[in-house]
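A.B. asks: Chains as they are written, first to last, in our numbering: chain A, 1 to 115; chain B, 1001 to 1112.
The beta carbon of each residue, even a glycine, is placed where N, CA and C say it ideally should be.
Please read all numbers here as calculations on a predicted model, not as lab measurements.
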């Protein structure tokens, strides 16, 4: 089936450093998302993105977070500076428009460890 | 805002047992309801989807009925297998937006 690729699969950084998580969404999908998962349970919505703009973001999407998809390449989540509470697995997802509304295709996640 | 409640954090069964995972939702609109399944080391993947109230979704032996009266979307399977061990998420998306709201997840462990 359609694949969403995430790079890196695991990143360890020191608190205060910057990190960029990369996502290669399913080709021809138009909507992109980031979710945060802690302890293998709750999937927390961070942000969604369409047509080059953030459509909606949650309270978890702090000022230190930013997303972009320059020139149709990777959809990225940048955290600058990082904090200890940012340690989690971050999942990227994409979805088609129209009747695919709500059916998200997820990557395998990027595990971020902030020391 | 939208919310989804899964009261069971963990369920342990033996093979061929009946599975029932509770899910209730709250929204002001007419949602589309989903069950996603997440296997270890993977992202969630769609298990089944129901767009219309009182309809049932069926996939891979799992089924769930969209009950607008009780605002529930419980997941059932007649006979579980060890390979069904995973985390199951109930979720909804409303008509107005494109945000998928997840429940807290139910971890299913099936002993062989």
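Alpha carbon to alpha carbon, how far is residue 118 of chain A from residue 67 of chain A?
C.D. replies: There is no way to answer for residue 118 of chain A, as the model of chain A reaches only from 1 to 115.
A.B. asks: Taking any Cβ of chain A, which residues in the region 1035-1058 of chain B have a Cβ under 9 Å from it, in chain order?
C.D. replies: 1036, 1038, 1040, 1041, 1042, 1043, 1044, 1045, 1046, 1049 and 1051
A.B. asks: Should residue 98 of chain A go down as buried or exposed, given a rule of 16 or more other Cβ atoms within 10 Å for buried?
C.D. replies: Here residue 98 of chain A scores only 49 on pLDDT, less than 50, and its place in the model should not be relied on; the value that follows carries that caveat. So residue 98 of chain A counts as exposed.
A.B. asks: Three-state secondary structure (DSSP) at residue 44 of chain A?
C.D. replies: Note: residue 44 of chain A maps to strand in three-state DSSP.
A.B. asks: Do you know offhand how far residue 55 of chain A's Cα is from residue 1016 of chain B's?
C.D. replies: Approximately 44 Å, taken between the alpha carbons.
A.B. asks: Using DSSP with H/G/I as helix, E/B as strand and the rest coil, what is residue 68 of chain A?
C.D. replies: strand
A.B. asks: Three or more C-beta pairs under 8 Å: does that hold for the region 1016-1029 of chain B against the region 1079-1087 of chain B?
C.D. replies: yes
A.B. asks: Tell me residue 1034 of chain B's beta-bridge partners as DSSP assigns them.
C.D. replies: B/1049 and B/1091
A.B. asks: Taking CB distances under 7 Å as the criterion, tell me whether residue 1100 of chain B reaches chain A.
C.D. replies: yes
A.B. asks: So which of A/22, A/91, A/45 and A/110 has the shortest CA-CA distance to residue 60 of chain A?
C.D. replies: A/45
A.B. asks: Which class does residue 86 of chain A belong to by DSSP, given the choice of helix, strand or coil?
C.D. replies: helix
A.B. asks: Starting from residue 1111 of chain B, follow its DSSP beta bridges and name the residues at the other end.
C.D. replies: B/1014
A.B. asks: Can you tell me which of B/1074, B/1099 and B/1084 puts its alpha carbon nearest to the alpha carbon of residue 1001 of chain B?
C.D. replies: B/1099
A.B. asks: Between which residues of its own chain and residue 88 of chain A is the CB-CB distance below 7 Å, once the five residues before and five after are set aside?
C.D. replies: 36, 37, 38 and 112
A.B. asks: Determine the DSSP secondary structure at residue 24 of chain A, reduced to helix, strand or coil.
C.D. replies: strand
A.B. asks: Pull up the distance between the alpha-carbon of residue 1056 of chain B and that of residue 1023 of chain B, whole angstroms please.
C.D. replies: 14 Å
A.B. asks: Would you report the Cα separation of residue 1091 of chain B and residue 42 of chain A, rounded to the nearest angstrom?
C.D. replies: 11 Å
A.B. asks: Within 10 angstroms of its Cβ, does residue 14 of chain A collect 16 or more other Cβ (buried), or is it exposed?
C.D. replies: Classification of residue 14 of chain A: exposed, given that the 10 Å Cβ count is below 16.
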